[in-house]
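Have a look at the structure below before the remarks.
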Amino acid sequence: MRKGIFKNPLRRWFWLFLGPVTAAFTIGFVWPFIQGIYLSFCKFKLIRNATFIGFGNYVSALKDASFMHSFWYTALFALTSLVFINILGFAAAYALTQGIKGSNLYRTVFFMPNLIGGIVLGYIWSMIFDGILSRYGTSILLETKYGFWGLIILMCWQQIGYMMIIYIAGLQAVPEDMLEAAKIDGATKTQTLFKVTIPNVMPSITICTFLSLTNGFKLFDQNLALTGGQPFIIQPDGSTIKTTEMLALNIYNTFYNSNSASKGVAQAKAVLFFILVAGIGLAQLAYTRKREVQQ
Amino acid sequence: MNKQGTLAAERRRKTIMSVVLAVICIIYVLPVLTVVINSFKVNTFVKTDTFAVPTGEMWAGFANFIKGMTFGNYPFWNSVKYSVLITVASTALILLFTSMAAWYIARVNSFFCKVIYYLCVFSMVVPFQMVMFTLSKTADSLHLNTPWTIPIVYLGFGAGLAIFMFVGFVKSIPLEIEEAASIDGCGPVRTYFSVVLPMLKPTMISVGILEIMWVWNDYLLPYLVLDINEYRTIPIHIQYLKGSYGTVDLGATMALILLSIIPVIIFYLICQKHIIKGVAAGAVKG
Numbered sequence: 006m007r008k009g010i011f012k013n014p015l016r017r018w019f020w021l022f023l024g025p026v027t028a029a030f031t032i033g034f035v036w037p038f039i040q041g042i043y044l045s046f047c048k049f050k051l052i053r054n055a056t057f058i059g060f061g062n063y064v065s066a067l068k069d070a071s072f073m074h075s076f077w078y079t080a081l082f083a084l085t086s087l088v089f090i091n092i093l094g095f096a097a098a099y100a101l102t103q104g105i106k107g108s109n110l111y112r113t114v115f116f117m118p119n120l121i122g123g124i125v126l127g128y129i130w131s132m133i134f135d136g137i138l139s140r141y142g143t144s145i146l147l148e149t150k151y152g153f154w155g156l157i158i159l160m161c162w163q164q165i166g167y168m169m170i171i172y173i174a175g176l177q178a179v180p181e182d183m184l185e186a187a188k189i190d191g192a193t194k195t196q197t198l199f200k201v202t203i204p205n206v207m208p209s210i211t212i213c214t215f216l217s218l219t220n221g222f223k224l225f226d227q228n229l230a231l232t233g234g235q236p237f238i239i240q241p242d243g244s245t246i247k248t249t250e251m252l253a254l255n256i257y258n259t260f261y262n263s264n265s266a267s268k269g270v271a272q273a274k275a276v277l278f279f280i281l282v283a284g285i286g287l288a289q290l291a292y293t294r295k296r297e298v299q300q
Numbered sequence: 181m182n183k184q185g186t187l188a189a190e191r192r193r194k195t196i197m198s199v200v201l202a203v204i205c206i207i208y209v210l211p212v213l214t215v216v217i218n219s220f221k222v223n224t225f226v227k228t229d230t231f232a233v234p235t236g237e238m239w240a241g242f243a244n245f246i247k248g249m250t251f252g253n254y255p256f257w258n259s260v261k262y263s264v265l266i267t268v269a270s271t272a273l274i275l276l277f278t279s280m281a282a283w284y285i286a287r288v289n290s291f292f293c294k295v296i297y298y299l300c301v302f303s304m305v306v307p308f309q310m311v312m313f314t315l316s317k318t319a320d321s322l323h324l325n326t327p328w329t330i331p332i333v334y335l336g337f338g339a340g341l342a343i344f345m346f347v348g349f350v351k352s353i354p355l356e357i358e359e360a361a362s363i364d365g366c367g368p369v370r371t372y373f374s375v376v377l378p379m380l381k382p383t384m385i386s387v388g389i390l391e392i393m394w395v396w397n398d399y400l401l402p403y404l405v406l407d408i409n410e411y412r413t414i415p416i417h418i419q420y421l422k423g424s425y426g427t428v429d430l431g432a433t434m435a436l437i438l439l440s441i442i443p444v445i446i447f448y449l450i451c452q453k454h455i456i457k458g459v460a461a462g463a464v465k466g
């Protein structure tokens with residue numbers, strides 16, 4: 006009965022309500038995605054003269070030393086930044102939920118860098134690092150370790166405030182009576198933190214961990230602007246490894262900087278990258294589901 | 181006595197924490213301050229005396245700003261114009277059409293609706309690099325490569341998160357309100373605009389904030405889609421100044437960076453509550 010009076014009139018308005026999004030979504034996502042999968046199996050210079058070659062591009066991508074280097078570099082970066090951002094973000098959130106005067110001001114300041122775009126962030130920090138390093142006669146572009154830790158510092162500055170907001174929401178949801186009970190039972194602050202607070206904010210910790218992991222893997226703008234992959238190492242066989250180049254930038258460079266014959270390889274790399282990122286997303290989903298069942 | 185002791189200790193602990201936080205806070209603002217002082221500094225000193233306050237011969241006044249405005253044969257003002265146009269148009273388009281679509285999806289719930297919905301959820305885990313080449317070619321062949329048409333591309337690529345958040349909210353609205361409207365003789369279009377849309381306001385603000393932040397700061401999508409000799413957004417412009425070969429005028433670059441983050445910071449200070457709430461909502465759901 007409900008359906009009779011309500012659903013049918015709306016159905017007739019399909020083109021107005023769902024039409025625009027369906028059309029734009031097809032242009033902006035569905036078609037490029039399908040075409041991208043197809044082209045990863047092709048050799049092409051222009052899309053219209055693509056020829057099917059099977060898994061050749063994937064073999065070339067996995068044999069590409071610069072791609073494998075960027076994978077390990079990205080993984081190392083993502084894990085390191087995950088640890089730093091989450092510990093510091095949680096610490097900030099914990100400190101700001103203790104009822105200290107001026108907490109709102111601190112929260113405002115810590116979150117602020119999150120609104121600045123990646124390109125601008127990269128150039129701000131490249132100026133700062135070079136300002137420091139030039140005193141020792143070097144530059145962030147000259148050593149891989151400077152580029153790595155520089156990007157970690159940059160990402161901490163940008164993301165700590167973001168994770169802090171999620172952790173604050175989690176901490177505020179910890180039941181007050183549980184904390185009270187722990188206090189009455191004579192638990193110390195540290196005991197309360199590890200035995201009561203942290204188990205209660207596990208959902209926030211899961212969200213933030215996966216969020217910083219995907220952010221680390223997908224990083225592009227900051228990487229491009231801070232070091233752009235420098236310093237470079239020329240391999241014995243003539244190819245170049247850009248030591249601070251992350252996955253997204255490697256794919257970009259394969260598409261647009263190398264000779265046009267490698268576009269198929271670049272698309273194959275992009276598909277592998279997609280599988281990796283989507284895999285992390287699925288792992289998060291599975292993990293959250295499992296926890297929900299347990300509870 | 182003992183209780184007073186713990187209270188005093190507690191107060192001392194809070195004071196120490198407060199001081200530590202204040203110091204961290206100052207460290208946090210330093211990068212922005214560095215941008216400010218360097219935007220008034222003569223270019224040659226930016227590299228050598230990055231952290232010095234510009235006085236005497238280092239002081240450049242507003243020369244960097246004037247230079248930056250016309251730097252690189254492209255007027256900065258045009259970038260500002262295009263950035264504002266693209267951000268406003270894309271956000272408006274996304275808010276209007278995805279909320280309409282989300283209402284339709286939640287209420288009709290046909291097979292096709294489910295397909296669209298799950299595709300949207302799926303699109304949220306797809307990184308941009310996966311589609312960047314084919315998307316820019318598709319946009320090119322459909323002439324979506326101008327600031328006036330690129331919002332359609334944003335609507336397409338950004339629909340996922342918006343649809344997901346709106347559908348989640350619409351499902352929590354009781355059907356009875358809409359049924360009452362339809363009994364009173366409202367057609368679906370009127371029901372949507374005068375009954376459903378006003379109820380969506382909180383989600384609209386959250387989604388709007390997320391989209392504004394994304395589109396305003398986005399570099400790669402407009403760089404690949406737009407004809408960059410004619411149309412540059414602010415991030416593209418800054419990347420061009422700094423990333424191009426030859427000598428880079430750091431002073432002028434910092435002046436432009438300062439100009440581009442001032443509006444963002446003002447926007448943040450005005451809508452702080454909404455921004456923090458919107459970002460948290462997007463993170464928890466995404």
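Chains as they are written, first to last, in this note's numbering: chain Z, 6 to 300; chain C, 181 to 466. Glycine residues also receive a C-beta, built at the ideal position from the N, C-alpha and C atoms.
Q: Assign Z:F278 to one of three DSSP states: helix, strand, or coil.
A: Taking the first sequence and counting its residues from 1, one reaches residue 278 of chain Z at position 273. In the structure shown, Z:F278 sits in a helix (DSSP, three-state: H, G or I).
Q: Could you work out which residues of chain Z lie near C:I418, taking near to mean beta carbons separated by less than 7 Å?
A: Start at 1 with the first residue of the second sequence, and residue 418 of chain C comes out as number 238. Correct list: I124, V125, Y128.
Q. Out of Z:T56, Z:G123, Z:L67, Z:W18, which has the shortest C-alpha to C-alpha gap to Z:V276?
A. By one-based count along the first sequence, residue 276 of chain Z stands at place 271. Nearest C-alpha to Z:V276: Z:L67.
Q.
Within 10 Å of its beta-carbon, does C:H323 have 16 or more other beta-carbons around it, so buried, or fewer, so exposed?
A. Locating residue 323 of chain C in the second sequence gives position 143, counting from the first residue. With fewer than 16 other Cβ atoms within 10 Å, it is exposed.
Q: Would you tell me roughly how many angstroms separate the C-alpha atoms of Z:M251 and Z:A80, rounded to the nearest one?
A: The residue given as residue 251 of chain Z occupies position 246 in the first sequence. The residue given as residue 80 of chain Z occupies position 75 in the first sequence. Computed Cα separation, rounded: 9 Å.
Q) Looking at the structure shown, is Z:I58 part of a helix, part of a strand, or coil, going by DSSP? A) Residue mapping note: residue 58 of chain Z aligns to position 53 of the first sequence, counting from 1. Three-state DSSP puts Z:I58 in coil, outside helix and strand.
Q: Please state if the CB of Z:G166 and the CB of Z:P118 are separated by a distance shorter than 8 Å.
A: Stepping through the first sequence from its first residue, residue 118 of chain Z is reached at position 113. Stepping through the first sequence from its first residue, residue 166 of chain Z is reached at position 161. Yes.
Q: Given a cut-off of 8 Å, decide if Z:F279 and C:M379 are closer than it, judged by their beta-carbon atoms.
A: For this step, residue 379 of chain C is matched to residue 199 along the second sequence. For this step, residue 279 of chain Z is matched to residue 274 along the first sequence. Cβ atoms of C:M379 and Z:F279: not closer than 8 Å.
Q | Short CB-CB distance (under 8 Å) between C:Y399 and chain Z | A | Indexing the second sequence from 1 puts residue 399 of chain C at position 219. C:Y399 counts as touching chain Z.
Q) What does DSSP give as the partner residues of Z:K48 in its beta bridges? A) Locating residue 48 of chain Z in the first sequence gives position 43, counting from the first residue. DSSP, once it has assigned bridges, lists Z:T56 as partnering Z:K48.
Q) Can you find a C-beta in chain Z that's less than 8 Å from the C-beta of C:S303? A) On the second sequence, position 123 is the one that residue 303 of chain C refers to. True, the Cβ-Cβ gap to chain Z drops below 8 Å.
(Q) Any C-beta of chain Z within less than 7 Å: which residues of the segment 304 to 324 of chain C qualify? (A) V305, V306, P307, Q309, M310, V311, F313, T314, L315, K317, T318, L322
Q: Just the chain Z side, please: which residues come within less than 8 Å of C:T278 by C-beta, in chain order?
A: The residue given as residue 278 of chain C occupies position 98 in the second sequence. What C:T278 touches in chain Z: V26.
Q) Taking the alpha carbon of Z:L198 as the point to measure from, which residue in Z:F134, Z:L184, Z:H74 has its own alpha carbon closest? A) Your numbering for residue 198 of chain Z matches position 193 in the first sequence. Measuring from the Cα of Z:L198, the nearest candidate turns out to be Z:L184.
Q) Hey, is C:A188's beta-carbon within less than 8 Å of any beta-carbon in chain Z? A) On the second sequence, position 8 is the one that residue 188 of chain C refers to. Chain Z contact via Cβ: absent.
Q | N- and C-terminal bounds of the beta strand (DSSP E) containing Z:F145 | A | Translated into the one-based positions of the first sequence, residue 145 of chain Z becomes position 140. The displayed chain sequence assigns Ile, not Phe, to residue 145 of chain Z. Taken as a continuous stretch (DSSP letters only), Z:I145 belongs to no beta strand (DSSP E), as it is neither H nor E.
Q | chain C contact residues for Z:L15, given Cβ-Cβ distances below 8 Å | A | The residue labelled residue 15 of chain Z in the question sits at position 10 within the first sequence. Within 8 Å Cβ-Cβ: Y284, R287, V288, P368.
Q. Are there 16 or more other CB atoms within 10 angstroms of the CB of Z:Q196, so buried, or fewer, so exposed?
A. Within the first sequence, numbered from 1, the residue matching residue 196 of chain Z stands at position 191. Its Cβ having fewer than 16 others within 10 Å, Z:Q196 is exposed.
Q: Could you tell me if C:V199 is buried or exposed, where buried requires 16 or more neighbouring beta carbons within 10 angstroms of its beta carbon?
A: Along the second sequence, one-based indexing puts residue 199 of chain C at 19. Exposed, since its Cβ has fewer than 16 Cβ neighbours within 10 Å.
Q.
Just to confirm my understanding: we take C:W394, look at its own chain, exclude 5 residues before and 5 after, and list those with CB closer than 8 Å. What are they?
A. Looking up residue 394 of chain C in the second sequence gives position 214. Contacts found: G338.
Q. Which residues, taken in chain order from the segment 157 to 177 of chain Z, show a beta carbon closer than 8 Å to some beta carbon of chain C?
A. W162, Y167, I170, I171, A174
Q) Quick one: does Z:Y304 have its CB under 8 Å from some CB of chain C? A) Limits of chain Z in this structure are 6 at one end and 300 at the other, which puts residue 304 of chain Z out of reach.
Q.
For a minimum of 4 consecutive residues, which ranges assigned as the alpha helix (DSSP H) are wholly contained in the segment 107 to 145 of chain Z?
A. 108 to 116, 123 to 138
Q.
So with CB distances below 9 Å, who are the chain C contacts of Z:S139?
A. As a working note, residue 139 of chain Z is residue 134 in the first sequence. What Z:S139 touches in chain C: K227, T228, T230.
(Q) Taking the beta carbon of Z:Y130 as the centre, do at least 16 other beta carbons fall within 10 Å, making it buried, or is it exposed? (A) Locating residue 130 of chain Z in the first sequence gives position 125, where the first residue counts as 1. This sequence places Trp at residue 130 of chain Z; Tyr is not what is there. Under this definition Z:W130 is a buried residue.
Q. Tell me the DSSP bridge mates of C:K221?
A. Counting from 1 along the second sequence, the entry for residue 221 of chain C is found at position 41. Answer by DSSP bridge pairing, in chain order: C:W239.
Q: For Z:V114, return the contacting residues in chain C, with the cut-off set at a CB-CB distance below 7 Å.
A: On the first sequence, residue 114 of chain Z is found 109 positions in, with the first residue counted as 1. Under the 7 Å cutoff, chain C gives C205, Y208, V209.
Q. What residues in its chain sit with their C-beta under 6 Å from that of Z:M6, if we drop five residues either side in the sequence?
A. Counted from its first residue, the first sequence places residue 6 of chain Z at position 1. With a pLDDT of 41 at Z:M6, under the threshold of 50, the modelled position of that residue is not reliable, and the figure given next carries that caveat. No residues qualify anywhere along the chain.
Q. Taking Z:L229 as the reference, which of Z:I170, Z:G155, Z:V270, Z:I210 has the closest Cα?
A. Locating residue 229 of chain Z in the first sequence gives position 224, where the first residue counts as 1. It is Z:G155 whose Cα lies nearest to the Cα of Z:L229.
**Q.** Delimiting residues of the beta strand (DSSP E) encompassing C:I332
**A.** Here residue 332 of chain C refers to the residue found at position 152 of the second sequence. Per DSSP, C:I332 belongs to no beta strand (DSSP E); it is in the alpha helix (DSSP H), 330 to 350.
Q) In terms of residue numbering, what span does the alpha helix (DSSP H) encompassing C:I450 cover? A) Looking up residue 450 of chain C in the second sequence gives position 270. First-last of the alpha helix (DSSP H) with C:I450: 430 to 450.
Q. What span of residues does the beta strand (DSSP E) with Z:K247 cover, start to end?
A. Translated into positions along the first sequence, residue 247 of chain Z becomes position 242. Where Z:K247 is concerned, the enclosing beta strand (DSSP E) stretches over 245 to 247.
(Q) Would Z:K48 pass as an interface residue toward chain C - the criterion being a Cβ-Cβ separation below 8 Å? (A) The count along the first sequence starts at 1 and reaches residue 48 of chain Z at position 43. No, no contact with chain C.
(Q) Distance check for C:S303 and Z:G9, CA to CA, integer angstroms please. (A) By one-based count along the first sequence, residue 9 of chain Z stands at place 4. By one-based count along the second sequence, residue 303 of chain C stands at place 123. Annotation note: pLDDT 47 at Z:G9 (below 50); position unreliable, no value reported.
Q) How many whole angstroms separate the CB atoms of C:M238 and C:K227, which I take to be in contact at a CB cut-off of 8 Å? A) The count along the second sequence starts at 1 and reaches residue 238 of chain C at position 58. The count along the second sequence starts at 1 and reaches residue 227 of chain C at position 47. No, C:M238 and C:K227 are not in contact; Cβ-Cβ is about 12 Å, not under 8 Å.
Q. How about C:L276 and C:V387: are their beta carbons less than 8 Å apart?
A. Translated into the one-based positions of the second sequence, residue 276 of chain C becomes position 96. Translated into the one-based positions of the second sequence, residue 387 of chain C becomes position 207. No; because the gap between Cβ atoms is not below 8 Å, this pair is not in contact.
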